[in-house]
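Worksheet: one structure, shown below.
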Amino acid sequence: MPYFTNDAYISNRTIIRETMAQLNASRLLVENFQLLEATGLTKGVLDLACGRGRNGLFLLQSNIPTTFADNNPAALRYVSVQAAKVPAPAVCWLVDLEDKKQNPFESKCFDAILVFNYLHRPLIEPIKNAVDRGGYLFYETFTIQQREIGRPQNPNYLLKPGELLELLDGWHVEHYFEGEQENPRRAIANVIARKP
Ligand SMILES: C[S@@+](CC[C@H](N)C(=O)[O-])C[C@H]1O[C@@H](n2cnc3c(N)ncnc32)[C@H](O)[C@@H]1O
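Residue numbers (my numbering): 2 to 197.
Rendered as structure tokens:
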């Protein structure tokens, strides 16, 4: 049946992409995740808008308890299958982070929150509030310069110059980068900041 043929084809390509993605945890995280040890890691890390969890699964493989949040059930199903292969505790959280009726982080607190390739400005303050004192925010996403390179093009999804630093005023910034990176070429800003 065409449906199954097509489905199998997509699913094979998806598996290859997912495997690559899992091996492709962000350099920012891979090079700096040891910072998280200083938090004691009692509350765990949130991989926000995790997609197929390339970053959170990397932490999980490093024995760091991780919560994976996304509104894509298929992505979370993939994450839960991968997470079951490692002993560290994992939680998959199906959530609409942009639901205007509620703060998704109400009464939630994490040692660190990872946000990669996702920007929803109304969520920034709730994200900051959900990081424990002494905890970390790792944030990396596209800047407005990305419009000259490719997608996304919508300014709602693109950081303004210096915006991450402004949003984290008062936090201890341990790393900041804003500019172009290669492989693939992209215009991004990234930050690691510790909550005072
Ligand atoms: C570009 S992907 C980034 C995935 C991952 N952070 C990474 O860097 O590999 C953006 C993710 O945000 C999720 N997302 C978009 N809108 C969302 C919403 N309203 N609630 C929860 N997740 C959302 C998508 O499902 C997708 O997995």
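For glycine and all other residues, C-beta sits at the position ideal for the given N, C-alpha and C.
Hey, could you find the ends of the beta strand (DSSP E) residue i is sitting in?
i: Ile193; result: Arg187 to Arg195
i: Gln182; result: His173 to Gln182
i: Leu47; result: Val46 to Leu49
i: Leu95; result: Ala91 to Leu95
i: Thr68; result: Thr67 to Asp71
In chain order, what residues of the same chain lie with their CB nearer than 6 angstroms to the CB of residue i, ignoring the 5 residues before and after it?
i: Ala91; result: Leu61, Thr67 and Ala84
i: Tyr119; result: Ala50
i: Tyr158; result: Leu120
With the cut-off set at 7 angstroms, would you say residue i and residue j are in Cβ contact?
i: Gln146; j: Ala188; result: yes
i: Leu124; j: Leu160; result: no
i: Gly54; j: Val87; result: no
i: Leu165; j: Ala131; result: no
i: Ile150; j: Arg186; result: yes
So is residue i buried or exposed if we call it buried at 16+ other beta carbons inside 10 Å?
i: Ile193; result: buried
i: Asn25; result: exposed
i: Leu30; result: buried
i: Asp71; result: buried
i: Leu58; result: buried
i: Pro195; result: Looking at the sequence shown, residue 195 is not Pro but Arg. Buried.
i: Val82; result: exposed
i: Asn7; result: Confidence is the limiting factor: at Asn7 the pLDDT is only 35, short of 50, which leaves the residue's position unreliable and the question unanswerable from this model.
i: Gly52; result: buried
i: Glu141; result: buried
i: Phe106; result: buried
i: Phe143; result: buried
i: Phe139; result: buried
i: Pro197; result: exposed
How is the alpha helix (DSSP H) around residue i delimited, first residue to last?
i: Gly54; result: Counting along the chain, Gly54 falls outside any alpha helix (DSSP H), and DSSP gives it neither H nor E.
i: Ile128; result: Ile125 to Asn130
i: Val31; result: Arg28 to Asn33
i: Leu42; result: Leu42 -> no alpha helix (DSSP H), and no H or E assigned at all.
i: Ala84; result: Pro74 to Ala84
i: Leu166; result: Glu164 to Leu168
For ligand 3, is there a heavy atom less than 6 angstroms away from the beta-carbon of residue i?
i: Gly52; result: In terms of ligand content, the structure shown lacks ligand 3 and carries ligand 1 instead.
Quick one: what's got a C-beta closer than 8 angstroms to residue i's C-beta in the same chain, skipping five residues either side?
i: Thr40; result: Asp112, Ala113, Asp133, Gly135, Gly136 and Tyr137
i: Val46; result: Leu37, Gly57, Leu60, Ile65, Pro66, Thr67, Thr68, Phe111, Asp112, Ala113, Ile114 and Leu115
i: Leu42; result: Ile65, Pro66 and Asp112
Within the same chain, show all residues whose beta-carbon is closer than 7 angstroms to that of residue i, passing over the 5 residues directly before and after it, in chain order.
i: His176; result: Asn33, Val192 and Ile193
i: Asn56; result: Ala26, Ser27, Leu30, Asp48, Leu115 and Phe117
i: Pro74; result: Leu95
i: Leu77; result: Phe69, Asp71, Cys93 and Leu95
i: Gln182; result: Ile189
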